[in-house]
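Same order as they appear, the protein sequences are chains U and E. Residues in the first sequence are numbered from 1 upward in steps of one, following this note's numbering. Residues in the second sequence are numbered from 1001 upward in steps of one, following this note's numbering. Report on one structure; see the data block that follows.
2 protein chains.
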Amino acid sequence: CFSQDIDYVLETQSALAVDLGGTNLRVAIISMKGEILKKYSQSNPNTYEERIDLILKMCVEAATEAVRFNCRILGVGISTGGRVNPHEGVVLHSTKLIQEWDSVDLRTPISDALHLPVWVDNDGNCAALAEKKFGHGKGVENFVTVITGTGIGGGIIHHNELIHGSTFCAAELGHIMVSLDGPECLCGSRGCIEAYASGMALQREAKKLHDEDMLLVEGMSVKNEEPVSAVHLIQAAKLGNSKADNVLRAAGAALAVGIVNILHTVNPSLVILSGVLAPHYENIVKHVVSQRALTSAQGANVVTSELEEPALLGAASMVLDYTTRRLY
Amino acid sequence: CFSQDIDYVLETQSALAVDLGGTNLRVAIISMKGEILKKYSQSNPNTYEERIDLILKMCVEAATEAVRFNCRILGVGISTGGRVNPHEGVVLHSTKLIQEWDSVDLRTPISDALHLPVWVDNDGNCAALAEKKFGHGKGVENFVTVITGTGIGGGIIHHNELIHGSTFCAAELGHIMVSLDGPECLCGSRGCIEAYASGMALQREAKKLHDEDMLLVEGMSVKNEEPVSAVHLIQAAKLGNSKADNVLRAAGAALAVGIVNILHTVNPSLVILSGVLAPHYENIVKHVVSQRALTSAQGANVVTSELEEPALLGAASMVLDYTTRRLY
Ligand SMILES: [Ca+2]
Ligand SMILES: [Ca+2]
Ligand SMILES: [Zn+2]
Ligand SMILES: [Zn+2]
């Protein structure tokens, strides 16, 4: 039947991408070219059962709507906070931000319910896969992405593949330490780059300045109910607050020393900074790399990601690249 | 001819191993089982020409003598300080300790003169290969070796292969920084673990203590012409000098934080400490890993190498494993 054949050819090969974060549970329909055709967002439930139910419900809704877009869904890719065994599709251990999320087999229930293959990896690794397929990492054999949001995560591509490590906790780049003491980190250690340069860390410093009445400068205000955050620190620095500027520089320098440590360990040719804070760190990272990396490692490019949704795009890429991938 | 066949069967498949260090040039005949059948040592010449000539001379002598041991030499493996492109057999850049050793093609002249295949890699990488074939790394898919001698070097095995990186300077583990400032390092940066925990760093601290008359304790002496070194620091600590002990602990703690950074980057299942200082650092490294690594990374074993000649054995292993290796 001729018209069906045409329809089939005109179908867009697509993926359902799921992003499980500390706050939201999001699902998207993403095409082979990386277009986000439709995006759904809900708050991420606090219990395992509600979360699985909501993932299924949102995926079914998206899969139904995909028909309207003439999309053929090839599978489901899931990005989640925490440590993941991607071979098994199991979340081994979650961050504190996602509750009831230890030893969770995501592949079996979702694959069984939706009759689709399912891939799972952690959000930092998904971001790296997204850069590989759709971003600055296209065609780059060895690169690293460092994501600075609330916390700091990352992913390492070596010989075109993610490094997962022996217990799937490689690229825990937020917990690279750049000080023998330094500020306390959520992980229990001290001096981690997350404790210097994450959104949380900047918020901590912004609050300190605000408590001392040294944050706000002319042209700025913080409403009573509004929490002081990294945003205010950046705004204050831009408006000439030298204390705020110093905090941002110190944070950037710490992040950069951590990145030099990565260069001296896996020697990538490219570092992709990603997340809301990335643009503020790019210059200082470049500067510190030129000052403190070995000459032979200084050739590494440092760029800011241009992807708007690295976690979702990376989750989709696990599906879209499956024929050429080793896993599953 | 029957007896010749038997002879052939009884031959020991062997390698010529060359180790180019800051002080010595050494050559050894090493069997498939890792036995060092014969070892030659000379001072490493200061010029490129003399060095190449001496390598050839020593290799010819060793190859001749190998016949007496009924060894069949399969090739030449070379371990050298500096950065190496192992695909090409070229030394890209040397450490300050080896002069006239930049952009040196080692493979072509040695292969041409000896009519044998030649492999080259840097000493830290060779040490990792040695552990993989003959040491604690046997059968371990992902591990790291950290060598503390005069400086600090290392090698990373990931999926049973060395990580060389995009410009062949991966595993420059000595220049992982654990302080935003910290002691100056030979590389031009500060706070590198080499600047805290290498033989050079301990010698610097030993001299400081000695200058303040706080190094020697009862039962110790330093002859006038003898340079104060890490050995005296270790001896003093053992004899109850708490200042010396503190220096060693601080050095070990810095090394350990650097090792935790490696765990959080490539997540190996095993860390092999090697070099003369390794036994002194094993306990503190274990302790710091248990205190400062993420729970999921704490499972990494920390052991001290049992190999006496990691560089030579690793150089030999490049030859002995060549049939199963991808390079060359
Ligand atoms: Ca990660
Ligand atoms: Ca190395
Ligand atoms: Zn941490
Ligand atoms: Zn250094």
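Ideal placement from N, C-alpha and C gives every residue a C-beta, glycine not left out. All values reported here derive from a predicted model rather than from experimental measurement.
Which of helix, strand or coil DSSP assigns to residue i
{"i": "D1019/E", "result": "strand"}
{"i": "G252/U", "result": "helix"}
{"i": "Q1291/E", "result": "helix"}
{"i": "D1105/E", "result": "strand"}
{"i": "P1268/E", "result": "coil"}
{"i": "I1259/E", "result": "helix"}
{"i": "E1011/E", "result": "coil"}
{"i": "I284/U", "result": "helix"}
{"i": "L36/U", "result": "As written in the sequence, residue 36/U is Ile, which differs from the Leu given in the question. In this structure, I36/U counts as strand in the three-state DSSP scheme."}
{"i": "E218/U", "result": "coil"}
{"i": "V303/U", "result": "strand"}
{"i": "L1173/E", "result": "helix"}
{"i": "E205/U", "result": "helix"}
{"i": "V1178/E", "result": "coil"}
{"i": "V247/U", "result": "helix"}
{"i": "S1166/E", "result": "coil"}
{"i": "H213/U", "result": "Per the sequence presented here, residue 213/U reads as Asp, with His not at that position. Coil."}
Element boundaries [beta strand (DSSP E), containing residue i]
{"i": "H93/U", "result": "90 to 93"}
{"i": "R1072/E", "result": "1071 to 1080"}
{"i": "G153/U", "result": "152 to 158"}
{"i": "T241/U", "result": "Before going on, a small fix: residue 241/U reads as Asn here, not Thr. Looking at the DSSP string, N241/U is not in any beta strand (DSSP E), and its letter there is neither H nor E."}
{"i": "N224/U", "result": "Premise fails: N224/U is in no beta strand (DSSP E) and is neither H nor E."}
Opening and closing residue of the alpha helix (DSSP H) in which residue i lies
{"i": "A28/U", "result": "It is not in any alpha helix (DSSP H) - A28/U instead sits in the beta strand (DSSP E) that spans 24 to 31."}
{"i": "K57/U", "result": "48 to 68"}
{"i": "I193/U", "result": "193 to 197"}
{"i": "F1143/E", "result": "Segment 1143 to 1148 is the beta strand (DSSP E) holding F1143/E; no alpha helix (DSSP H) there."}
{"i": "N125/U", "result": "123 to 134"}
{"i": "V319/U", "result": "310 to 320"}
One or two residues paired with residue i in a DSSP bridge
{"i": "S111/U", "result": "Answer by DSSP bridge pairing: none, since S111/U is not bridged."}
{"i": "S1405/E", "result": "With chain E covering only 1001 through 1328, there is no way to say anything about residue 1405/E."}
{"i": "L1116/E", "result": "L1116/E is not bridged to any residue."}
{"i": "L233/U", "result": "Paired residues: none, contrary to the question."}
{"i": "S41/U", "result": "R26/U"}
{"i": "E161/U", "result": "H158/U"}
{"i": "E1184/E", "result": "R1190/E"}
{"i": "V1084/E", "result": "V1091/E"}
Partner residues on chain A for residue i, Cβ-Cβ distance less than 7 Å
{"i": "C187/U", "result": "Given the protein chain composition of this structure (U and E), no chain A is represented."}
| query | Touching or not, the stretch 154 to 162 of chain U and the stretch 121 to 133 of chain U, by the rule of three or more beta carbon pairs under 8 Å? | reply | yes
| field | Any heavy atom of ligand 3 within less than 7 Å of residue CB: hits in chain order | value | G174/U, H175/U, C185/U, L186/U, C187/U, S189/U, C192/U, E194/U, A195/U
| Is the stretch 1105 to 1119 of chain E close to the stretch 1292 to 1310 of chain E, with three or more CB pairs under 8 Å? | no
| field | Meets three-Cβ-pair contact criterion under 8 Å: the stretch 17 to 33 of chain U and the stretch 75 to 87 of chain U | value | yes
| request: Take every Cβ of the stretch 88 to 97 of chain U, pair it with every Cβ of the stretch 46 to 65 of chain U, and state whether three or more of those distances are shorter than 8 Å. | output: no
| query | Three or more beta-carbon pairs under 8 Å between the stretch 1244 to 1256 of chain E and the stretch 138 to 153 of chain U, yes or no? | reply | Two segments are said to touch when three or more pairs of C-beta atoms, one from each, lie closer than 8 Å; by this definition the stretch 1244 to 1256 of chain E does not touch the stretch 138 to 153 of chain U.
| On the three-pair Cβ rule with 8 Å, is the stretch 1031 to 1046 of chain E touching the stretch 1105 to 1115 of chain E? | Too few Cβ pairs lie closer than 8 Å, so no.
| query | Taking one C-beta from the stretch 267 to 274 of chain U and one from the stretch 1164 to 1183 of chain E each time, how about it: are there three or more such pairs within less than 8 Å? | reply | yes
| request: Specify whether the stretch 1280 to 1288 of chain E and the stretch 190 to 203 of chain U touch according to this definition: at least 3 beta carbon pairs, one from each stretch, less than 8 Å apart. | output: no
| task | Would you check if there are 3 or more beta carbon pairs closer than 8 Å linking the stretch 1168 to 1184 of chain E to the stretch 1252 to 1261 of chain E? | result | yes
| task | Say whether the stretch 1020 to 1036 of chain E touches the stretch 1311 to 1318 of chain E, bearing in mind that this needs 3 or more beta-carbon pairs closer than 8 Å, one atom from each stretch. | result | yes
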